[in-house]
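Visitor: Here's a structure for you.
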Amino acid sequence: MSEIIKKNLSEIIDLIKKKEIKSEELANLYIDKVSKSKKLNSYITTCFEHTIQKSKEFDKKPNLNSLLPGVPLAVKDLFCTNGFKTTAGSKMLENFIPQYESTVTENLWKEGAILLGKLNCDEYAMGSSNETSYFGNVINPIAKDTVPGGSSGGSASALAADLTPATIGTDTGGSIRQPASFTGTVGLKPTYGLCSRWGIVAFASSLDQAGPMTKSVKDCSIMLEAMAGFDNKDSTSIEKKKENYSKNLKTDIKGLKIGIPKEYRVENMPNEIDELWNKGKSILKDLGAEIIDISLPHTKYALPTYYIVAPAEASSNLARYDGVKYGYRSSKGNDLIEMYENTRSEGFGDEVKRRILIGTYVLSSGYYDAYYLKAQKVRQLIKKDFDENFGKVDAILTPSTPSSAFKIGEKTNDPISMYLNDIFTVPVNLAGLPAISVPAGLDKKGYPLGLQLIGKTLDEQNILNVAYAFEKNCNFKNEIKNWWL
Amino acid sequence: MSIDKDKIKHISKLARISIDSKKSDSLAKDLTSIFKFIEQLNELNTDKVEPLSSILNTPLRAREDKINDGKIRDKILENSPKKNEEFFVVPKVIE
Chain A
11 MSEIIKKNLS EIIDLIKKKE IKSEELANLY IDKVSKSKKL NSYITTCFEH
61 TIQKSKEFDK KPNLNSLLPG VPLAVKDLFC TNGFKTTAGS KMLENFIPQY
111 ESTVTENLWK EGAILLGKLN CDEYAMGSSN ETSYFGNVIN PIAKDTVPGG
161 SSGGSASALA ADLTPATIGT DTGGSIRQPA SFTGTVGLKP TYGLCSRWGI
211 VAFASSLDQA GPMTKSVKDC SIMLEAMAGF DNKDSTSIEK KKENYSKNLK
261 TDIKGLKIGI PKEYRVENMP NEIDELWNKG KSILKDLGAE IIDISLPHTK
311 YALPTYYIVA PAEASSNLAR YDGVKYGYRS SKGNDLIEMY ENTRSEGFGD
361 EVKRRILIGT YVLSSGYYDA YYLKAQKVRQ LIKKDFDENF GKVDAILTPS
411 TPSSAFKIGE KTNDPISMYL NDIFTVPVNL AGLPAISVPA GLDKKGYPLG
461 LQLIGKTLDE QNILNVAYAF EKNCNFKNEI KNWWL
Chain B
-14 MSIDKDKIKH ISKLARISID SKKSDSLAKD LTSIFKFIEQ LNELNTDKVE
36 PLSSILNTPL RAREDKINDG KIRDKILENS PKKNEEFFVV PKVIE
């Protein structure tokens, strides 16, 4: 197997710019390994002919000034890709071929990237282990019986297994950061509104954000720069100038104030995670940052709030799947209503149905105030916790997840224990803030663990810088042995 | 809040999802435990708190009332599971 595809995105870009490798050669290296890695089940769709054709076109007339010159990239199967199947991990969209391109993927292609394939994910991004996908579990390349996390599990698995040099996911409650943590990779959820949601299969519109998943912090800054930007087609897109995250990346974090929220030290958290958190603190302290204890008192209410807000928005968003305009349609039923009911019953999986029912209930007449309105109020308190502390600190350091990757099937029968996986990631989505998960160490089993840096609104550059400095001084090394080949 | 089979029947009707009666017991059990979990919010007094409906501080942008799209009928029909020339086809609704 070639050493080249083990490299980071930034190194691969350098090779292309120096003309040491052609786009087509690179594409073939990935195609070869993807073809031999079906066991991981990280790809739902491949489009190799397209990849080769586009890479040939690039090599004929290479634009080396773009951010991702001739780089093949696979993306989460939640991004609509014009002419290529987009399933959202659901039977409902098994044969759906979008007639348009999502803004975020369009931005990547404009920067020279080339589509390599579509990556597995939890159905409609609802899950924390990639076990709700209609297309089957994804295997974490760190060990064959472990989940890669979710919902961007295929993205994390493919990235860690060198089946794509970088990728993108979406994060509604931790779906980029938790799988990044489980696979020893970097994942960033941007500020709500930084990346356009247009053309992304919707889950919970006030929380959904697309973001990069990469092997290094530098790669992350390149990808974010390529995908972010104002988009008229998304009414919640933020109007601001493009930033040069990769150019402005620096390791000097002297004098920065880093908050440590005491509420993130939860019951039953493994010692190893506490130790890793301490290691993170001392690395940043040695680099000249000031460590400050803070309190985010409503942290424990973030998950219960999320499990009202997200299903409520999902039940509304997923009302569009009615078997008429696109997607699966049941052949059973005597009238229109029965056709709807059977289509949705047969087309959606169990977790999606569960969340639609929760959402329908909390929005239903007589219960709206008690649940949905209550959750919106608590969401305000959670946001206030962050607002008040960001007067005192520049960034917040926490663990990314309360455990390392767990075994396939371990949590599928207990929804609450599955939901608890996102305990450290969900508050950030509710407050709309940017956060990055960086690999920080391995546990006793040799499984990776990540630390999370949370920033102020639109302060991506700052958390990238802290993460960059941390990465350079942490000496994390992912040990993936290609056992599936 | 305890969710029983009758409530499942009511909500699934609202959500237009038919639920197999064999599955409705386990679903009721799951939803009961989830509602018990989310009802932790009742510990908090939120009488004086404004609900947060959007994380953005600015109101949603309105675009100019100008046609910027169109002539995409075939594209829209492309993925329809059942169509007849320029129409989506649904089961008969009027006798």
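Residue numbers (our numbering), protein chains in the order written: chain A, 11 to 495; chain B, -14 to 80.
Note that CB positions come from ideal geometry on N, CA and C, so glycine has one too.
#1: Quick test of the definition: if touching needs 3 or more C-beta pairs under 8 Å, does the stretch 363 to 376 of chain A touch the stretch 299 to 307 of chain A?
#2: Does the separation of the CB atoms of A/Tyr457 and A/Ile152 fall below 7 Å?
#3: Under a Cβ-count criterion, where at least 16 other Cβ atoms within 10 Å of its own Cβ denotes burial, should A/Asn140 be classed as buried or exposed?
#4: How many whole angstroms separate the CB atoms of A/Ile178 and A/Ala220, which I take to be in contact at a CB cut-off of 8 Å?
#5: Taking the straight line between their C-alpha atoms, what separation do you get for A/Glu35 and A/Leu407?
#6: Could you say if the stretch 415 to 425 of chain A and the stretch 59 to 69 of chain B meet the contact criterion of at least three C-beta pairs nearer than 8 Å?
#7: To the nearest angstrom, report how far apart A/Leu169 and A/Glu398 are at their CA atoms.
#8: When burial is assigned at 16 or more other CB atoms within 10 Å of the CB, is A/Glu133 buried or exposed?
#9: Cα-Cα, which of A/Gly93, A/Phe240, A/Asn483 is closest to A/Val227?
#10: What are the residues of the stretch 386 to 408 of chain A that lie near chain B, defined by any Cβ-Cβ distance shorter than 7 Å?
#11: Chain A beta carbons: is any one of them nearer than 7 Å to that of B/Phe72?
#12: Taking only the alpha-carbon atoms, compute the straight-line gap between A/Ile473 and A/Gly376 and give it to the nearest angstrom.
#13: For A/Leu297, which of A/Lys421, A/Ile268, A/Ile318, A/Ala385 has the nearest alpha-carbon?
#14: Tell me the start and end of each unbroken beta strand (DSSP E) in the stretch 362 to 425 of chain A that is at least 3 residues and wholly inside, in chain order.
#15: Give me the subset of the stretch 49 to 67 of chain B whose CB atoms are less than 8 Å from a CB atom of chain A, sorted by chain position.
#16: Would the beta-carbon of A/Ser206 fall within 7 Å of that of A/Asp181?
#17: According to the Cβ coordinates, are A/Ile464 and A/Ala445 closer than 7 Å?
#18: Do you know how far the Cα of A/Tyr144 is from the Cα of A/Leu88?
#19: Among residues of its own chain, excluding the 5 on either side of A/Lys29, which ones have a beta-carbon nearer than 7 Å to its beta-carbon?
#20: Apart from the five residues just before and just after A/Ala529, which ones in its own chain have a Cβ nearer than 8 Å to its Cβ?
#21: Alpha carbon to alpha carbon, how far is A/Ile366 from B/Ile57? Give it in angstroms, no decimals.
#22: Give the C-beta separation of A/Gln188 and A/Asn439 to the nearest angstrom, bearing in mind that I take them to be a contact with Cβ-Cβ under 8 Å.
#23: State the DSSP-derived secondary structure class of A/Phe480, mapped to helix, strand or coil.
#24: Contact criterion: CB-CB distance below 7 Å. Does A/Ser47 meet it with respect to chain B?
#25: Comparing the C-beta of A/Tyr134 with each C-beta of chain B, is any distance below 7 Å?
#26: Whose C-beta lies closer than 6 Å to the C-beta of A/Thr246 among residues of the same chain, with five residues either side of it excluded?
#27: Please report the Cβ distance between A/Pro79 and A/Asn92, rounded to the nearest whole angstrom; I am assuming they are in contact, meaning their Cβ atoms lie under 8 Å.
Guide: The answer reads as follows:
#1: no
#2: yes
#3: buried
#4: 6 Å
#5: 41 Å
#6: no
#7: 37 Å
#8: buried
#9: A/Asn483
#10: Gln386, Lys387, Val388, Arg389, Gln390, Leu391, Lys393
#11: no
#12: 43 Å
#13: A/Ile268
#14: 405 to 409
#15: Ile57, Lys60, Ile61, Glu63, Asn64, Ser65, Pro66, Lys67
#16: no
#17: yes
#18: 13 Å
#19: none
#20: The shown model of chain A, from 11 to 495, leaves out residue 529 of chain A, and the question about it has no answer.
#21: 31 Å
#22: Between A/Asn439 and A/Gln188 the Cβ distance is about 12 Å, and since that is not below 8 Å, they are no contact.
#23: helix
#24: no
#25: no
#26: Gly203
#27: About 21 Å; that fails the 8 Å criterion.
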